[in-house]
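In the working numbering, the protein residues as written are 67 to 205.
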C-alpha cells in the first residue's frame with residue numbers, strides 16, 4: 067500500500083511518535099510524506115520515505131495528485147484544529163479528494179490507531195481490487 071504521512075507543525079511530534087510505535091507495520095508499505103514531517107519520521111525510524119514539498123509549498127497538492135491518479139491508499143494527516151493554517155484551502159482540497167476517491171484518512175490519533183490496526187489486519191485489501199480494475203488509474 068502507498069501511505070502518506072502529513073502533520074501540521076504542532077502535531078509533528080505526535081506523528082513521529084506514532085510512526086515509531088508502528089514502525090513494523092509501516093515498514094511493509096511504501097511511505098510518502100510532506101517535507102519536514104517526512105524528514106523527522108525518517109530520522110526517528112530509519113524508514114524509507116519519499117518526500118514531497120512542505121504542505122504550504124505544495125506538498126499537500128502533490129499527495130492530492132497521487133490520490134486523483136489512484137496511487138495513494140491511505141493518509142495519516144495529523145491536523146491541528148486550534149491553529150489557523152495559511153494553506154487551509156490545500157488542506158480542504160486534500161480532505162475532499164480523500165472523500166471523492168474513498169481513501170481512508172486519519173486526522174487524529176484515535177482514528178489513526180484504528181486505521182493502522184485495520185491496515186495490519188488486511189482490512190484495506192479492497193484497495194488492491196481497485197488497483198487491479200484500473201479504476202481512476204489515468205495519467
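Glycine is no exception: its CB is placed at the ideal position from the N, C-alpha and C atoms.
Between residue i and residue j, how many whole angstroms is the CB-CB distance? I'm expecting something under 8 Å.
{"i": "residue 98", "j": "residue 68", "result": "6 Å"}
{"i": "residue 152", "j": "residue 122", "result": "6 Å"}
{"i": "residue 65", "j": "residue 89", "result": "A question about residue 65 goes unanswered here, because the residues of the chain that appear run from 67 up to 205."}
{"i": "residue 100", "j": "residue 127", "result": "That belief does not hold up - the Cβ atoms of residue 100 and residue 127 are roughly 10 Å apart, past 8 Å."}
Looking only at its chain, what residues have a beta carbon closer than 7 Å to the beta carbon of residue i, apart from the 5 residues adjacent to it on each side?
{"i": "residue 82", "result": "106, 107, 110"}
{"i": "residue 130", "result": "159, 160, 163"}
{"i": "residue 186", "result": "91"}
{"i": "residue 171", "result": "141, 143, 161, 164"}
{"i": "residue 86", "result": "110, 111"}
{"i": "residue 125", "result": "100, 101, 118, 119"}
{"i": "residue 137", "result": "68"}
Report all residues from its chain with a CB closer than 8 Å to the CB of residue i; omit the five preceding and five following residues, and keep chain order.
{"i": "residue 158", "result": "none"}
{"i": "residue 80", "result": "73, 144, 175"}
{"i": "residue 192", "result": "none"}
Less than 8 Å between the beta carbons of residue i and residue j, yes or no?
{"i": "residue 139", "j": "residue 182", "result": "no"}
{"i": "residue 76", "j": "residue 149", "result": "yes"}
{"i": "residue 102", "j": "residue 135", "result": "no"}
Note down, in chain order, each residue of its chain lying with its Cβ closer than 6 Å to the Cβ of residue i, except the 5 sequence neighbours on either side.
{"i": "residue 116", "result": "98"}
{"i": "residue 104", "result": "115, 117"}
{"i": "residue 146", "result": "74, 76, 77"}
{"i": "residue 133", "result": "163, 167, 169"}
Please name the residue or residues paired with residue i in a DSSP beta bridge.
{"i": "residue 142", "result": "71, 172"}
{"i": "residue 110", "result": "Answer is none; residue 110 lacks a bridge partner."}
{"i": "residue 97", "result": "69, 115"}
For residue i, which three-state DSSP category applies?
{"i": "residue 116", "result": "strand"}
{"i": "residue 83", "result": "helix"}
{"i": "residue 189", "result": "coil"}
{"i": "residue 130", "result": "helix"}
{"i": "residue 152", "result": "coil"}
{"i": "residue 124", "result": "coil"}
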